[in-house]
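Have a look at the structure below before the remarks.
Protein chains: 4
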Amino acid sequence: MSEEEVLIHQLFDEEKLTDKQKKIIVAAIESFSEKGYAATSTNEIAKKAGVAEGTIFRHYKTKKELLMSIVAPLMAKMIGPFVVNDFNKVLDREYDRVEDFLRATIENRRAVLIKLLPVVKIMLQEIPFQPELREQFLEQIAKKIFDRVSGIIESYQEKGQLIEMPPESLARLAITNILGYLFTRYVLFPDSHWDDELETERTVQFIMHGLARKESN
Amino acid sequence: MSEEEVLIHQLFDEEKLTDKQKKIIVAAIESFSEKGYAATSTNEIAKKAGVAEGTIFRHYKTKKELLMSIVAPLMAKMIGPFVVNDFNKVLDREYDRVEDFLRATIENRRAVLIKLLPVVKIMLQEIPFQPELREQFLEQIAKKIFDRVSGIIESYQEKGQLIEMPPESLARLAITNILGYLFTRYVLFPDSHWDDELETERTVQFIMHGLARKESN
Amino acid sequence: MSEEEVLIHQLFDEEKLTDKQKKIIVAAIESFSEKGYAATSTNEIAKKAGVAEGTIFRHYKTKKELLMSIVAPLMAKMIGPFVVNDFNKVLDREYDRVEDFLRATIENRRAVLIKLLPVVKIMLQEIPFQPELREQFLEQIAKKIFDRVSGIIESYQEKGQLIEMPPESLARLAITNILGYLFTRYVLFPDSHWDDELETERTVQFIMHGLARKESN
Amino acid sequence: MSEEEVLIHQLFDEEKLTDKQKKIIVAAIESFSEKGYAATSTNEIAKKAGVAEGTIFRHYKTKKELLMSIVAPLMAKMIGPFVVNDFNKVLDREYDRVEDFLRATIENRRAVLIKLLPVVKIMLQEIPFQPELREQFLEQIAKKIFDRVSGIIESYQEKGQLIEMPPESLARLAITNILGYLFTRYVLFPDSHWDDELETERTVQFIMHGLARKESN
DNA sequence: CATGAATGAGCTTTCATTCAT
DNA sequence: GATGAATGAAAGCTCATTCAT
Numbered sequence: 001m002s003e004e005e006v007l008i009h010q011l012f013d014e015e016k017l018t019d020k021q022k023k024i025i026v027a028a029i030e031s032f033s034e035k036g037y038a039a040t041s042t043n044e045i046a047k048k049a050g051v052a053e054g055t056i057f058r059h060y061k062t063k064k065e066l067l068m069s070i071v072a073p074l075m076a077k078m079i080g081p082f083v084v085n086d087f088n089k090v091l092d093r094e095y096d097r098v099e100d101f102l103r104a105t106i107e108n109r110r111a112v113l114i115k116l117l118p119v120v121k122i123m124l125q126e127i128p129f130q131p132e133l134r135e136q137f138l139e140q141i142a143k144k145i146f147d148r149v150s151g152i153i154e155s156y157q158e159k160g161q162l163i164e165m166p167p168e169s170l171a172r173l174a175i176t177n178i179l180g181y182l183f184t185r186y187v188l189f190p191d192s193h194w195d196d197e198l199e200t201e202r203t204v205q206f207i208m209h210g211l212a213r214k215e216s217n
Numbered sequence: 218m219s220e221e222e223v224l225i226h227q228l229f230d231e232e233k234l235t236d237k238q239k240k241i242i243v244a245a246i247e248s249f250s251e252k253g254y255a256a257t258s259t260n261e262i263a264k265k266a267g268v269a270e271g272t273i274f275r276h277y278k279t280k281k282e283l284l285m286s287i288v289a290p291l292m293a294k295m296i297g298p299f300v301v302n303d304f305n306k307v308l309d310r311e312y313d314r315v316e317d318f319l320r321a322t323i324e325n326r327r328a329v330l331i332k333l334l335p336v337v338k339i340m341l342q343e344i345p346f347q348p349e350l351r352e353q354f355l356e357q358i359a360k361k362i363f364d365r366v367s368g369i370i371e372s373y374q375e376k377g378q379l380i381e382m383p384p385e386s387l388a389r390l391a392i393t394n395i396l397g398y399l400f401t402r403y404v405l406f407p408d409s410h411w412d413d414e415l416e417t418e419r420t421v422q423f424i425m426h427g428l429a430r431k432e433s434n
Numbered sequence: 435m436s437e438e439e440v441l442i443h444q445l446f447d448e449e450k451l452t453d454k455q456k457k458i459i460v461a462a463i464e465s466f467s468e469k470g471y472a473a474t475s476t477n478e479i480a481k482k483a484g485v486a487e488g489t490i491f492r493h494y495k496t497k498k499e500l501l502m503s504i505v506a507p508l509m510a511k512m513i514g515p516f517v518v519n520d521f522n523k524v525l526d527r528e529y530d531r532v533e534d535f536l537r538a539t540i541e542n543r544r545a546v547l548i549k550l551l552p553v554v555k556i557m558l559q560e561i562p563f564q565p566e567l568r569e570q571f572l573e574q575i576a577k578k579i580f581d582r583v584s585g586i587i588e589s590y591q592e593k594g595q596l597i598e599m600p601p602e603s604l605a606r607l608a609i610t611n612i613l614g615y616l617f618t619r620y621v622l623f624p625d626s627h628w629d630d631e632l633e634t635e636r637t638v639q640f641i642m643h644g645l646a647r648k649e650s651n
Numbered sequence: 652m653s654e655e656e657v658l659i660h661q662l663f664d665e666e667k668l669t670d671k672q673k674k675i676i677v678a679a680i681e682s683f684s685e686k687g688y689a690a691t692s693t694n695e696i697a698k699k700a701g702v703a704e705g706t707i708f709r710h711y712k713t714k715k716e717l718l719m720s721i722v723a724p725l726m727a728k729m730i731g732p733f734v735v736n737d738f739n740k741v742l743d744r745e746y747d748r749v750e751d752f753l754r755a756t757i758e759n760r761r762a763v764l765i766k767l768l769p770v771v772k773i774m775l776q777e778i779p780f781q782p783e784l785r786e787q788f789l790e791q792i793a794k795k796i797f798d799r800v801s802g803i804i805e806s807y808q809e810k811g812q813l814i815e816m817p818p819e820s821l822a823r824l825a826i827t828n829i830l831g832y833l834f835t836r837y838v839l840f841p842d843s844h845w846d847d848e849l850e851t852e853r854t855v856q857f858i859m860h861g862l863a864r865k866e867s868n
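Chains as they are written, first to last, in my numbering: chain A, 1 to 217; chain B, 218 to 434; chain C, 435 to 651; chain D, 652 to 868.
Rendered as structure tokens:
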């Protein structure tokens, strides 16, 4: 299975797509992520996909609908692991210590990010300009993840592993660092040399203990 | 002085702009940040600025040149405080403790960000698509800031205030958190209720000590 | 078949043109020859052709490509009769005397000129400004015709019918007179009264004997 | 006096032109002859002339008026030698033989053509598209020259030097050959190697005796 | 289903011309 | 007289979308 087919498969696992549809999606993802949604013409997508321009509009009423059909499944994917019903309990059992939970989360999100990187780029680019997308993202994705993470954090607080601070603030800080790390690693400087394991560990340790030297240690 | 004039003044302090040019710049910033560069037509900018479309092209040979004339000065502004020659020494004296340095830096960058927020949005949006911008940003801005912050961190490490870790990693973590905070505060959720002083303090404390509860306390 | 269809057929005999394409070509020829290439707008051509402006650019990437698509086949037509492989031999047999060859050539070129007159005008107008056209014309058309005519002249010289003079100079003089005649007749003063047969004969006689009165006759 | 000043002086001998006006004229001639009237912008002329665009329109109400102000004096120049009142008599006396008259005319027109070549090009280019120019040229220039040449020819006919044929036809043939020669020499192939004296002589001999070999010689 | 020619609104840019300075 | 900023119409060209085949 080629890399593109993996991407398609990741995004549209259950949906039935014709062969041409897949080609259109792949071409659109490539062009949108390279040049931006507004700067990509449907003609260009059609050529890259090897289909007639009319074929695009047979499957997607408008260019925007094509965009949405790409980005929407990504949102579902992103929220996925956090909305499994008994996520908390599972986590509680699986990861006794916050560090382990963080490490696992980073690895988990990293896997998704790498595979879907172009689609993630498209989503981030278009969120500011597509109110529909923005709303969907903020209320359905960001909020849910945020709430769930807050819940998890609370449970760790109850176990006395985390400092006393409103869980929302802790969630913000934790999420910022995980996403900041992945963003720096894969979007800003993908070409630098990275020792992933080491840098992950540093990020985890930083989240836990900050960067102040402990005098008494 | 209106808010717009402040923005213009902040960006183009030394440059001499005609009245029409200012109007064009203000209109372009507004439209670009609202709808994106590619989705904004020069016709729209002209109307909003109250000038003829031809007037835009008298001052800026192309639409892209107009974009660049807006974003380039921002870059200079961003890098400004970090390239003052003896920044390190000043800081060493002024801020004995890392916390104070962090707090001051957050406040300092916050001021710039608030005033130039729309331009910052434009820059972030277009960096992925304008290779010229991207290169300028990465090599001239990001790298310089990164190096300078690394230097500052080293000096605090030498004073024994920071943990032993490659300064570059520490710099990444610190910058991520400051920008992540400002981004969340002003770009993602500008409309939420924020207790700025408190949240700044939390961010600083987090950077210093992480979010693990200290057993010995 | 209308006059326009004849023109189109003459130029694009083997090519397959859609109906709209034919209309565009006809309209472009008309406008270009009347107002000149640079002074004709694509909007005007579209209106005259009864198609949308976009349709023009679907078939021809640029306005210049439209021009070239009109003029290029003319060049092929012009060179046509001179590049038939065994042209010389045929001529040798067919026209024993130079006079007969001249007369036949004038009639032959006249027929092409009349049918394609507007296109000829366009070509002559644009040769000085389109380097591509100029080069193509000089090297591929003018040179070939010139060489072939020189060859023919040489064969008549060998038969003792023409004076001793470098064939190139003779060719220049002969061609100048034939084209000069046709140009005067059809381009400069098409509306004067012309006795074509008589004037052709005069031209032929002039080319042969000049305009000096033969004292000894 | 530079080459440009010579050109200006040749065209506008008696007129009083300001320094800026001269620069405008020179720049316009250069651009018009290189790119064509319609394809030359006033902005381009202004830049090449080193004046403000407004200055052009201070001297010439429209772009077309600028064109006319360049081409009109050329027409006067062209007709010049032919309208001197007693041209015929002078010629009769000066050039007893037709050959000498032809030779002198070629040399005379050659001098004008070389100096004013760019302006001649402009005129030839624009005659088909500027009705005003066309009319002026045909009725005032071509006709007058034609008539005068016909007259001269008649006088040579009366002296028994030229064959019996309507003088208009003879005039057409003679003019065609002189212009055809000069056009080939200076416009079509200015860069070829030319032995001017020899080629002139050949042209004269051809006009006189044609290119048929005289059996009795 | 798929095509691709056709559309016409809209795009960026250029133009000749005006006019306050 | 000279300037050059300003104009807005018009230029060449692109676009998302439609529809007959």
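We put the CB at the ideal spot given by N, CA and C, even for glycine. Note that the structure is a prediction, hence the values are computed from the model and not measured.
Contact check, residue i vs residue j under 8 Å by CB: the rounded distance?
i, j, result
"C:T476", "C:E487", "6 Å"
"D:K766", "D:Q661", "5 Å"
"A:F137", "A:M75", "7 Å"
"C:I641", "D:G861", "6 Å"
"B:E316", "B:V223", "Contact doesn't hold; Cβ gap of about 31 Å is too wide."
"C:S584", "C:P601", "4 Å"
From residue i to residue j, what distance separates their C-alpha atoms?
i, j, result
"C:M512", "C:I609", "13 Å"
"A:K143", "B:L405", "12 Å"
"A:P250", "A:S169", "A query on residue 250 of chain A cannot be resolved here, the shown segment of chain A reaching from 1 to 217 and no further."
"B:D303", "A:G36", "Because the pLDDT at B:D303 is just 46, under 50, the model does not fix this residue reliably, and the value given afterwards should be weighed accordingly. Spanning the two alpha carbons is a distance of roughly 41 Å."
"B:A266", "B:A244", "5 Å"
"A:F129", "B:I380", "42 Å"
"C:I575", "C:M557", "12 Å"
"A:E139", "B:S409", "13 Å"
"D:V702", "D:L717", "15 Å"
"A:R185", "A:W194", "8 Å"
"A:D96", "A:Q161", "10 Å"
"B:R389", "B:F363", "8 Å"
"D:E850", "D:N828", "12 Å"
"B:L330", "B:R320", "15 Å"
"A:A39", "B:A255", "6 Å"
"C:K498", "C:E464", "16 Å"
"C:R492", "C:Q455", "10 Å"
"B:Y277", "B:A263", "13 Å"
"D:F663", "C:T539", "45 Å"
"D:E666", "D:L833", "29 Å"
"C:D453", "C:I442", "11 Å"
Quick check: does the Cβ of residue i come within less than 7 Å of any heavy atom belonging to the ligand NAD?
i, result
"B:P345", "Annotation note on the ligand NAD: not contained in the displayed structure, which lists no ligands."
| said: With three or more C-beta pairs closer than 8 Å as the rule, is the region 371-378 of chain B touching the region 277-289 of chain B? | reply: no
| Residues of the region 238-267 of chain B with Cβ closer than 7 Å to any Cβ of chain A, in chain order | K252, G253, A255 and A256
| message | Tell me which residues of the region 740-766 of chain D have at least one Cβ-Cβ distance to chain C shorter than 9 Å, keeping chain order. | response | V749 and E750
| message | Along the region 164-195 of chain A, where does the CB come closer than 9 Å to a CB of chain B? Name the residues. | response | E164, M165, P166, S169, L170, R172, L173, A174, I175, T176, N177, L179, G180, Y181, F183, T184, V187, L188 and F189
| query | At a Cβ cut of 8 Å, what residues of the region 557-568 of chain C count as close to chain D, listed as they run along the chain? | reply | Q559, P562 and F563
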